[in-house]
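Trainee:
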Amino acid sequence: HWLIGGKKTRYLGIFPKPGVNDEDINRCQAFGEITGKSLVNEKLSELQKGLVESGAVEINDAIMFIESRAKKIFSVWANFIDNRKNKTLWLKVYKYYLFFALFALSPIVLLIYTILLKPFTIKARAKQVKYLKGLG
């Protein structure tokens with residue numbers, strides 16, 4: 205709604221308002237204080253840990269899973285389109301594929317992941333979350 209139409213309102217009155225919500229903006233002051241203390245005390249090596257502990261970095265497991273798959277699929281599509289003579293046509297095909305994948309396939313894939321894979325990948329996910337949070 206916002207991305208496609210430029211309307212920053214609640215789509216159909218049921219979806220959340222797009223963009224950064226006011227609560228997140230208001231929480232930023234705490235992160236600025238943590239950053240300021242690290243700068244003043246010249247302890248930048250502890251900054252990331254402090255931000256993570258304060259809740260500045262949140263990793264959504266479902267988005268992490270989808271994004272890791274999307275990166276690979278995007279590379280396949282990019283190479284495929286790059287090797288075509290009629291790139292405009294294939295970009296349109298990709299656009300419709302992307303909508304279909306996001307709104308039809310990803311909920312199904314996430315359901316399968318949550319039921320069949322997630323319970324068996326706890327250690328690997330914890331390692332990836334630690335990496336994405338910048339802690340190792």
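Be aware that the sequence shown starts at 205, since it is given in my numbering, and climbs by one per residue.
Yeah, the Cβ is synthetic: ideal placement off N, Cα and C, and Gly gets one too.
Assuming residue 339 and residue 252 form a contact by the criterion Cβ under 8 Å, report the distance between their Cβ atoms to the nearest whole angstrom.
Mentor: Indeed, because the Cβ distance is near 7 Å, the residues count as touching under 8 Å.
Trainee: Which complete alpha helix (DSSP H) runs does the stretch 240-274 hold, if anything under 4 residues is left out?
Mentor: The stretch 240-274 contains these whole alpha helix (DSSP H) runs: 251-257.
Trainee: If you draw a straight line from the alpha carbon of residue 337 to that of residue 262, how long is it in whole angstroms?
Mentor: Approximately 8 Å between the Cα atoms of the pair.
Trainee: Is residue 287 helix, strand or coil when you go by DSSP?
Mentor: Coil.
Trainee: Excluding five sequence neighbours on each side, which residues of the same chain lie with their C-beta closer than 6 Å to the C-beta of residue 215?
Mentor: Excluding sequence neighbours, residue 215 sits near 205.
Trainee: So is residue 269 buried or exposed if we call it buried at 16+ other beta carbons inside 10 Å?
Mentor: Answer is buried; the Cβ neighbour count reaches 16.
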